[in-house]
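Written below as structure tokens is the structure these notes are about.
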Amino acid sequence: MVTVALGIGTPGLHLGSSGHESPGRELRLSRQRSLPAYLLESSGCYALGALGCPVVTFHNCEDAALKLQNPIQDALRDLARRGLHF
Numbered sequence: 001m002v003t004v005a006l007g008i009g010t011p012g013l014h015l016g017s018s019g020h021e022s023p024g025r026e027l028r029l030s031r032q033r034s035l036p037a038y039l040l041e042s043s044g045c046y047a048l049g050a051l052g053c054p055v056v057t058f059h060n061c062e063d064a065a066l067k068l069q070n071p072i073q074d075a076l077r078d079l080a081r082r083g084l085h086f
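Numbering-wise (the UniProt record's numbering), the sequence shown opens with residue 1 and increments by one.
Pasting the structure below:
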């Protein structure tokens with residue numbers, strides 16, 4: 001949020017009273033132009049975190065592993081019967 005607040009700035013603020021542009025105008029414009037890149041990067045970081053946290057905290061499913069042992073053994077026997085040995 002800080003990046004968004006700094007990037008937008010205050011569009012109506014002019015420091016000088018002459019007809020020249022304010023000194024901070026170029027800096028404000030460069031921040032506004034890079035705002036889409038900041039938003040894209042921020043959403044990418046959020047997506048990585050949203051997908052990465054469940055993957056890191058995923059628990060092993062020992063019940064499912066035990067249920068799959070019989071089909072795995074059947075498949076290995078079938079492959080051995082066809083000539084493939086592991």
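Even for Gly, the Cβ is constructed at its ideal location relative to N, Cα and C. It should be emphasised that the depicted structure is a prediction, and the values quoted were computed from it without experimental measurement.
So the alpha helix (DSSP H) Cys53 belongs to, where does it begin and stop?
Here the alpha helix (DSSP H) through Cys53 covers Arg25 to Val56.
How big is the Cα-Cα spacing for Ala64 and Phe58?
Roughly 14 Å between the two C-alpha positions.
Where Cys61 and Gln32 are concerned, what is the direct C-alpha to C-alpha distance, given to the nearest angstrom?
Each residue's alpha carbon lies about 48 Å from the other.
Would you tell me roughly how many angstroms separate the C-alpha atoms of Asp74 and Val55, rounded to the nearest one?
Distance between the alpha carbons of Asp74 and Val55 is about 30 Å.
So for Arg77, helix, strand or coil by DSSP?
Arg77 falls in the helix class under three-state DSSP.
Nearest-angstrom Cα distance between His14 and Leu40?
Any reading at His14 must be qualified, since the residue scores a pLDDT of 48, below 50, and its modelled position is unreliable; the value itself is stated next. If I take the Cα positions, the gap works out to 30 Å.
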